[in-house]
Every structure is written in C-alpha cells, then in structure tokens.
Amino acid sequence: MTATPSTAKEKIIVAIDAPDADAAKRLADPLLGEGCLFKIGLQLFTAEGPSIVRDFKKLGARVFLDLKFHDIPNTAKEAIHSAASLGAEMTTIHLCGGPRMVADSVTAAEGSGMLVLGVTVLTSMDAESLVAVGVSATPENQVVHLAGMGRQQGLKGVVASPREILPLRKNFGEDLVIVTPGVRPTGSDLGDQKRVMTPAEAVRAGASYLVIGRPITSAPSPVEALRAIADEMANASVQ
Ligand code: C5P
C-alpha cells in the first residue's frame, strides 16, 4: 500500500505541468529528496510517454500519474496494470465510468501498492454543464453520489476541490483519502484558480493530500516555498 503520509511534506503533491522531459526535470530537481510526490499529467505524459515516469523513478521521485482513465472495464483494468508496473504510487480514474469499471480498476491495482483515486465531477463543470450531459443533480450532490458509488466498489480515495472536502468527510468519514487541488498559500497569486483554500484551511477541512503547482514551481526558491507550505500545514493540523 501507499504509505500513510507521516509528515506535512509527504502530503504535498507538486504538479509538474511541463511540456517536455527537460522542463519537467528542471522543475522537480530542487525538490527531490524533500519527500513530496510529483504529479505527472496528460500534457507531459502525452509528450514523453511512459519513459518520463521511469526517468522520475530513477531520480528517486514519488509519482502520482494523473491520467484520468475512462474506458470499458477491461481497457481501464489493463491501463491500471500498466500504470502500476511503471511504479506510480497513485493514479486516477473517472468515476462516471461506472461501478464495474471502478471495481475492475481497484482490483487491478491490488498488491501493487498503487492507490487508485476517483475523479468525481471536474471543477470545470457547473450545474449548467452537468445538465448539458444529462445530469440534473447539483455538482455537490453528484460528487457525493459518485464517491458513494466508488466506495461501494472498494475505492479508497477521490480527487476533490476544496469546497467538496467537508461534504465528503461528512458522508464517508476519516477513511476516505481526499486529494485536493486549488490550494493557494496566503497572499499568493491565484493564477486561473477560482475556488481556493489556503494549505491550512484545506488541512483543517480534512484534505489528505494537497496538489500544488505554480506556487511552488514558479517560486524564486521552490524548496523554501514547499517548506513554508509544509510548516503552515503542520501548524494547522496540531491546532
Ligand atoms: O499550478 P496549480 O497549483 O494551479 O496546479 C494545480 C494542478 O492541479 C494542475 O496540474 C491542475 O491541472 C490540477 N487540477 C486543478 N483543479 C482540478 C483538478 C486538477 O487545478 N479540479
């Protein structure tokens, strides 16, 4: 199993949003050895293929492979096998792929130590766009509904925006792993993020891991930025 994070730094997932391997390694380099995870997503993976995960592993990096699989159960299952064999510690599936796809994905990861996280409703979707794809529930109700379906199929964790942490904790308790993007240290540039929480607020609300990109990778000293965020998280959790 993926180890339960014991320090604040181990709860930080740094988003490596880079166009190619060289740029990605430049972003990750100063942070290797800090204990955080690195998120490799669709842009970088599509540009570089699985070798980017192998390269990061060779550098000693812990990898969250965020490819949001959504396909028929058999294809999703085989993709999960491939992600696990690359040594990713976490990966993502879309919960709207349905119960069978979720169950087969969870089963495929068993014994590998890789955690499968369910994406509920993308934060780019609002009530109107849900109606456009035939869903009449509010985004929050749909998030809780999909997470509940995932839990019934053995899913251990979800990706959720800061505003969804509380309803998820209320419905599913402390066992659910919640990975939260949209986190901005106090006073930092919001970029294109709209509904944000500070690291302390997200930890207090119940986030298990925080996904943070530009506030760390674009900082004058990424290591100092990461350590300051970790300190803020550590202080929040002991209050
Ligand atoms: O630079 P920033 O901290 O905004 O990066 C956040 C990362 O989390 C990006 O890789 C972004 O794609 C991802 N993400 C997000 N909001 C979501 C899901 C993922 O910002 N709802």
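Quick note on numbering: the sequence shown equals residues 1 to 239 in the numbering used here.
Backbone N, C-alpha and C fix where the C-beta goes; we use that ideal spot for every residue, glycine too.
In this text, all values refer to a predicted model and were calculated from it rather than measured experimentally.
Asked: Is A205 near the ligand C5P, in the sense that its beta carbon is under 6 Å from a heavy atom of that ligand?; Found: no
Asked: Kindly indicate which three-state DSSP category M315 falls into: helix, strand or coil?; Found: As shown, the chain starts at 1 and ends at 239. That puts residue 315 outside it, with no answer to give.
Asked: Given 6 Å as the limit, tell me if Q193 has its C-beta closer than that to any heavy atom belonging to the ligand C5P.; Found: yes
Asked: Do F69 and A79 come within 7 Å of each other at the CB atom, strictly closer than that value?; Found: yes
Asked: Measure the C-alpha to C-alpha separation of A234 and V53 and round it to an integer number of angstroms.; Found: 29 Å
Asked: What does a CB cutoff of less than 8 Å around D126 pick up in its chain, not counting 5 residues either side in sequence?; Found: P139
Asked: Our contact map puts P279 next to P30 with C-beta atoms below 8 Å; I'd like the distance itself, whole angstroms only.; Found: Residue 279 is absent from the structure shown; the chain starts at 1 and stops at 239.
Asked: Using DSSP's beta-bridge definition, name the partner residues of G33.; Found: Bridge partners of G33: none, in fact.
Asked: Where L44 and D175 are concerned, what is the direct C-alpha to C-alpha distance, given to the nearest angstrom?; Found: 31 Å
Asked: Considering only DSSP beta bridges, list what K39 is partnered with.; Found: A15, F64
Asked: Could you give the residue range of the alpha helix (DSSP H) that holds L86?; Found: 73 to 86
Asked: Who are the near neighbours of M101 in its chain, counting only those whose CB is closer than 6 Å to its CB and skipping five residues on each side?; Found: P73, A76
Asked: Among the residues of its own chain, which have a CB less than 7 Å from the CB of M1, if the five just before and after it don't count?; Found: In this prediction, M1 has a pLDDT of 46, which is less than 50 and means its spatial position is unreliable; nothing more can be read from the coordinates.
Asked: Return yes when the Cβ of V183 is within less than 7 Å of the Cβ of A202, no when it is not.; Found: yes
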